[in-house]
Each structure stands twice: as C-alpha cells, then as structure tokens.
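Visitor: Under this note's numbering, the first residue of the sequence shown carries the number 6, and numbering increases by one thereafter.
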Amino acid sequence: MTLPAEDATSNNTTRSGPQRERSLSGRLLSAFPAFQSPDFRRYFPGQVISMIGTWIQMVAQGWLVLEITGSAFDVGLAAAASTLPTLFLSLFGGVLVDRYPRRTILLWTQSSAMLLAFVLGYFALTGTVTIGIILLLSFLLGCVNALNVPALQAFLSEIVEREHLASAIAMNSAIYNGSRVIGPAIAGFLISATGTGGAFLLNGVSFLAVILSLISMKASPKKGGATISGNPVLAIREGLSYSWQHPVIRTAIFFIAVIAIFAWSYVTMLPVIAKQTFGMGATGLGYLYGVSGLGSVIGTVLVSIFSGRVDRLVFIAGGTILFALALIGFTFSVSLPVALFFLFLGGFGLVAAVSTLSATIQSTVDDRFRGRVMSLYMMVFMGFMPIGNLEIGYISEHFGTGIAIRAGCMVTILAAIVLIYTNRSVRNAYSRYNSSEGAQ
Numbered sequence: 006m007t008l009p010a011e012d013a014t015s016n017n018t019t020r021s022g023p024q025r026e027r028s029l030s031g032r033l034l035s036a037f038p039a040f041q042s043p044d045f046r047r048y049f050p051g052q053v054i055s056m057i058g059t060w061i062q063m064v065a066q067g068w069l070v071l072e073i074t075g076s077a078f079d080v081g082l083a084a085a086a087s088t089l090p091t092l093f094l095s096l097f098g099g100v101l102v103d104r105y106p107r108r109t110i111l112l113w114t115q116s117s118a119m120l121l122a123f124v125l126g127y128f129a130l131t132g133t134v135t136i137g138i139i140l141l142l143s144f145l146l147g148c149v150n151a152l153n154v155p156a157l158q159a160f161l162s163e164i165v166e167r168e169h170l171a172s173a174i175a176m177n178s179a180i181y182n183g184s185r186v187i188g189p190a191i192a193g194f195l196i197s198a199t200g201t202g203g204a205f206l207l208n209g210v211s212f213l214a215v216i217l218s219l220i221s222m223k224a225s226p227k228k229g230g231a232t233i234s235g236n237p238v239l240a241i242r243e244g245l246s247y248s249w250q251h252p253v254i255r256t257a258i259f260f261i262a263v264i265a266i267f268a269w270s271y272v273t274m275l276p277v278i279a280k281q282t283f284g285m286g287a288t289g290l291g292y293l294y295g296v297s298g299l300g301s302v303i304g305t306v307l308v309s310i311f312s313g314r315v316d317r318l319v320f321i322a323g324g325t326i327l328f329a330l331a332l333i334g335f336t337f338s339v340s341l342p343v344a345l346f347f348l349f350l351g352g353f354g355l356v357a358a359v360s361t362l363s364a365t366i367q368s369t370v371d372d373r374f375r376g377r378v379m380s381l382y383m384m385v386f387m388g389f390m391p392i393g394n395l396e397i398g399y400i401s402e403h404f405g406t407g408i409a410i411r412a413g414c415m416v417t418i419l420a421a422i423v424l425i426y427t428n429r430s431v432r433n434a435y436s437r438y439n440s441s442e443g444a445q
C-alpha cells in the first residue's frame, strides 16, 4: 500500500484525531502488511500468549533438570528429547499437512501440547518428577511438534495474501522471539515464587489463547493438497525430489542444517552460563533469554519492513556472521552488561537470517508441495538440533562451555562465507530451473 505524499506547508497540526489515526494505521499496515489480513490479526495475539507460555516452560524445564542432576549434558539431553522426534516424523507430518485442513490439524496439536504441559506441571507440583519423566514428556511433545510446526508454517499461506507472506513469516518469527523477552522474565519470577510446577501449569493455560484464535477465524481454507499421492512414502519421495531439484530450497536447507547444529544450540547452555559464569539464579537466567529475544524481535521487525527492498543475502549471510562474532564476544565477557550487549547482537543477527531463510523458501515453493517442503525444512532445523544440543553439551562437559560455543561459531562463519561465494551460481541455477518448469 502506498501512502500519499504530504505537502510540507499542509496544516498537519490541525489534522483531526480520526485522520491522524488513519494515517498511523496506514503507516503500520505499510510496514507490516500481514496485518491487512483479518485472520492474521486474530492469529497474532493468540500465538503471542501461547508462545510466551512455551518459553516459560522451556526456561523452567532447563532449570528443573539442572536442579535435579546438576549436569550440563542432561540439560542438553532434555532439550534434544523434545526435538528428536522431528527428525523421524516431520516428513510424514508434511504429507498430512498437504492432505488435510491445516486449521484442524493445529487445533489437535495445540490441545495435545496443552495436555502434556498440565501433566508435567502435576508431577512437578507433587514433587514426583524425575529426569525420566521429563525426558518422556519432552519426547511426546516433540512428536506433537513434528506435525504442529509444518502445519503452522504452511497455515500462514492460507491467512495472508502471497505478496504479504514474507511479512507474515517475519512477524511469526517475531512472536517466537518476542516471547523470549517476556516469557523467561515471567519464568524467573514464577520459579522463585511457586517453583517450576506453576510455570508448567501457566503454559498449559496459555494454549487456550491460540485455540480460541483458530476457532474464531472466518476465512475458508485455501489448501490445495488433495492431489498428492495416496501412498505416503511416494508422497514423501515426491517432496524430497522437488526440494533437491530446486536450487534455492536445496541451498537454504543445507544452510539451516549448519545453523541448527552449530549456532542455535547455544540457547541450551544459557542456564549453565548463568549459574557458573555469572552466579545468577532463575531471575538472572530470564534476563539472558530476554535480551537475546529482544535483539531477535528487532531483527524480525526489520526483515518485515525491508523484505522487499533489501537483498535477502544481506539478512541471511550478514546476519549469520554478525551472530557468530557477537556470540564469540559473549563467551569472552566477564562483565554482565557487556555480555548482555553481545547477546542482543547475537539474537538480532541469527533470527534475521533464519526468518529470511524461511521466507525465501515459502515465496518460491509450489503450493502443491508446501507442507512437505516446510516439513523437510523444519525436520532439518528442529530435528538436527538434538545433534547440536548433544554436541555442545558433550564439549561443554569436557572442555568448557566457552570453547564449545566458539567452535560452533567458527563453523557457522565458514558456512556463511560459502553461501556468499555460491550465491550467483544459485541464482543462475534458479533461473534455469524456472525456465525448465515453464517449458513443461
């Protein structure tokens, strides 16, 4: 949407209240065009509340595991248990996402995640929780997310226009990372006041917000997946073949694999750093998560505003390098304010890169394969995280957390340099791919 030019001599000071409100509304819709969709406006607040609850549980679970076992490796193991099912189940989840209404799938997955949160809260409140129970419930939640995450990613294409999809993906990423600012801070106070059990129960209640927002949506689904093969294995093979032959999607998935293993895993070590490096409790841990999340929010907001005006390589490669350098600085920091500054920059760079990668895939994928491609993307992103969590936990246990994080950052920088070097060849291959498809 284009805003009219204003005459410098116009009576801006005498503009009426409704006119000023319309002007502000127009500017906001121009910066964040996804909000032009009524269904996205319904989706947004419910998802914000739900994701705040999710981050509350993530922080509380990491803290609870550390209290029970005192082991950095067990913290990484618990995080891995919640993402490991994605590695095995996401591709089948993508077939379901392309075959059935995505809003219905999301209602089931959100309800299941709510039930698991209540169960974990019960065990924590009654003092009967064990590391085995935590691992089992985390694994079950991972099974739910193997279907929920690709359904949610594909669902965005149904509630906004295609030209606004990059903005919607960036704002969805902003929801996830904005909740990192609020959720961990709330978790710190909750853990101090009520223990981890109260945090898990509050997360369970938060799922009601997104369930209600899904029920309230008015638009009929625009899903076009009824033509996929009835054989799920054949349907998966078709999706994999399409992804491999598509040069942009193939490159993006390789790059997100590096990020999942060597970059994103630093988050699971924040409880260890908070306790061992800075001597902070649960409230201090919330500050670390919150500052990183604040940087992430600003990164995704800039992606939404400049998605059509800035080369995506700037956000992807540039953001990744900024993240890695900032995180290396964080590992050498002994002053808390300096450490928080580096965490802010790291969150800014990493999420700007990741949200742009997702938007790049969503804007180039054929609608017939959207669910399967996004399930592959999320399988690599979330399913490879256990590898990173175990790797960083093991190196931290034997060589120190700082060395483990710095090693991952160096690999990430090398991957970004390779991406910059190969960018032109990827674009040329994409042009040839489009030409061959148009000729069919």
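Positions of the beta carbon are idealized from the N, C-alpha and C atoms, including for glycine.
In this structure, does DSSP put His251 in helix, strand or coil?
Guide: As a first step, residue 251 must be located in the sequence shown, where it is residue number 246. Coil at His251, not helix or strand.
Visitor: Return yes when the Cβ of Leu348 is within less than 8 Å of the Cβ of Leu293, no when it is not.
Guide: The count along the sequence shown starts at 1 and reaches residue 293 at position 288. The count along the sequence shown starts at 1 and reaches residue 348 at position 343. Yes, the Cβ-Cβ distance between Leu293 and Leu348 is below 8 Å.
Visitor: So, is Thr201 buried or exposed, given that buried needs 16 or more other C-beta atoms within 10 angstroms?
Guide: By 1-based counting over the sequence shown, the position of residue 201 is 196. It is buried - the Cβ of Thr201 has at least 16 other Cβ atoms within 10 Å.
Visitor: With distances taken between CB atoms, is the gap from Gly67 to Pro276 smaller than 8 Å?
Guide: Counting from 1 along the sequence shown, the entry for residue 67 is found at position 62. Counting from 1 along the sequence shown, the entry for residue 276 is found at position 271. Yes. Within cutoff.
Visitor: As a quick exercise: from Tyr426, Ala129, Leu419, Ile73, pick the residue whose alpha carbon is nearest that of Leu318.
Guide: Counted from its first residue, the sequence shown places residue 318 at position 313. Taking only the C-alpha atoms, the option nearest Leu318 is Tyr426.
Visitor: How close, in whole Å, do the beta carbons of Asn208 and Ile61 come, if the pair is a contact with beta carbons under 8 Å?
Guide: In the sequence shown, residue 208 corresponds to position 203, counting from 1. In the sequence shown, residue 61 corresponds to position 56, counting from 1. That pair is a contact at about 5 Å.
Visitor: Output yes or no for whether 8 Å exceeds the beta carbon distance between Ile392 and Ile266.
Guide: For the purposes of this step, residue 392 is taken as the residue at position 387 of the sequence shown. For the purposes of this step, residue 266 is taken as the residue at position 261 of the sequence shown. Yes; because the gap between Cβ atoms is below 8 Å, this pair is in contact.
Visitor: Just to confirm before moving on: does the CB-CB distance between Val165 and Ala156 stay below 8 Å?
Guide: As a first step, residue 165 is located in the sequence shown; it is residue number 160 there, counting from the start. As a first step, residue 156 is located in the sequence shown; it is residue number 151 there, counting from the start. Result no, Cβ atoms of Val165 and Ala156 do not sit closer than 8 Å.
Visitor: Can we say the stretch 348-361 touches the stretch 323-331, given the rule of at least three CB pairs closer than 8 Å?
Guide: Cβ pair count under 8 Å is three or more, so yes.
Visitor: Would you tell me roughly how many angstroms separate the C-alpha atoms of Leu8 and Pro38, rounded to the nearest one?
Guide: Start at 1 with the first residue of the sequence shown, and residue 8 comes out as number 3. Start at 1 with the first residue of the sequence shown, and residue 38 comes out as number 33. At Leu8 the pLDDT is 32, less than 50, meaning the model places this residue with poor confidence; the figure from the coordinates comes in the next sentence. Approximately 13 Å, taken between the alpha carbons.
Visitor: Can you list, in chain order, the residues of its chain with a C-beta nearer than 6 Å to that of Val186? Leave out the 5 residues immediately preceding and following it.
Guide: Mapped onto the sequence shown, residue 186 falls at position 181. Around Val186: Gly295, Gly298, Leu299.
Visitor: Under 7 Å Cβ to Cβ from Asn236, same chain only, skipping five residues before and after it: list those, please.
Guide: Working through the sequence shown from its first residue, we reach residue 236 at position 231. Here the set comprises nothing.
Visitor: Going by CA-CA distance only, name the one from Tyr382, Gln41, Ile57, Leu219 that's closest to Ser184.
Guide: Position 179 of the sequence shown, counting from 1, holds the residue named residue 184. Ranking the options by Cα distance to Ser184, first place goes to Ile57.
Visitor: Would Thr336 be called buried (16 or more neighbouring beta carbons within 10 Å of its own) or exposed?
Guide: For this step, residue 336 is matched to residue 331 along the sequence shown. Burial call: buried.
Visitor: Taking DSSP as the reference, what is the three-state secondary structure of Tyr105?
Guide: Residue 105 sits at position 100 when you count from the first residue of the sequence shown. The answer is coil: DSSP assigns Tyr105 none of H, G, I, E or B.
Visitor: Is the beta carbon of Gly188 closer than 8 Å to that of Met446?
Guide: Because the chain spans 6 through 445 in this model, residue 446 falls outside it and cannot be assessed.
Visitor: Should Arg377 and Ala268 be called a contact, given that it needs their Cβ atoms to be closer than 8 Å?
Guide: In the sequence shown, counting from the first residue as 1, residue 377 sits at position 372. In the sequence shown, counting from the first residue as 1, residue 268 sits at position 263. The answer is no: Cβ separation not under 8 Å.
Visitor: Should Ala175 and Ala322 be called a contact, given that it needs their Cβ atoms to be closer than 8 Å?
Guide: For this step, residue 175 is matched to residue 170 along the sequence shown. For this step, residue 322 is matched to residue 317 along the sequence shown. No. Outside cutoff.
Visitor: What's the C-alpha gap between Ile303 and Pro252?
Guide: As a position in the sequence shown, residue 303 is number 298, starting the count at 1. As a position in the sequence shown, residue 252 is number 247, starting the count at 1. Spanning the two alpha carbons is a distance of roughly 30 Å.
Visitor: So, with DSSP's three-state summary, where would you put Asn236?
Guide: As a first step, residue 236 is located in the sequence shown; it is residue number 231 there, counting from the start. Coil.
Visitor: What are the start and end residues of the alpha helix (DSSP H) that includes Val339?
Guide: Walking along the sequence shown from the start, residue 339 turns up at place 334. Here Val339 belongs to no alpha helix (DSSP H), and DSSP marks it neither H nor E.
Visitor: Mind reading off the beta-carbon distance from Ile258 to Tyr181? Whole number of angstroms is fine, and I expect it under 8 Å.
Guide: If you number the sequence shown from 1, residue 258 lands on position 253. If you number the sequence shown from 1, residue 181 lands on position 176. At roughly 20 Å, the Cβ-Cβ gap does not stay under 8 Å, so Ile258 and Tyr181 are not in contact.
Visitor: Can you check whether the CB of Met387 is closer than 8 Å to the CB of Thr131?
Guide: Stepping through the sequence shown from its first residue, residue 131 is reached at position 126. Stepping through the sequence shown from its first residue, residue 387 is reached at position 382. Not in contact: Thr131 and Met387 (Cβ atoms no closer than 8 Å).
Visitor: Skipping 5 residues on each side, what residues in its chain have a beta carbon closer than 6 Å to that of Asn428?
Guide: Against the sequence shown, residue 428 aligns to sequence position 423. Same-chain partners within the cutoff: Leu318.
Visitor: Let me know the secondary structure DSSP gives Thr74 once reduced to three states.
Guide: Against the sequence shown, residue 74 aligns to sequence position 69. Note: Thr74 maps to helix in three-state DSSP.
Visitor: Whole beta strand (DSSP E) runs in the stretch 95-157 with 3 or more residues, listed along the chain?
Guide: As far as the stretch 95-157 is concerned, it has no whole beta strand (DSSP E) run of at least 3 residues.
Visitor: Express the C-alpha separation of Ala159 and Ile191 in angstroms, rounding to a whole number.
Guide: Counting from one through the sequence shown, the residue named residue 191 turns up at place 186. Counting from one through the sequence shown, the residue named residue 159 turns up at place 154. Computed Cα separation, rounded: 30 Å.
Visitor: Can you have a look at Gly229 and say buried or exposed, based on whether 16 or more other CB atoms are within 10 angstroms of its CB?
Guide: The sequence position of residue 229 within the sequence shown is 224, counting from 1. Low confidence applies here, because Gly229 scores a pLDDT of 45, under 50, leaving its location unreliable; read the following figure in that light. With fewer than 16 Cβ atoms within 10 Å of its Cβ, Gly229 is classed as exposed.
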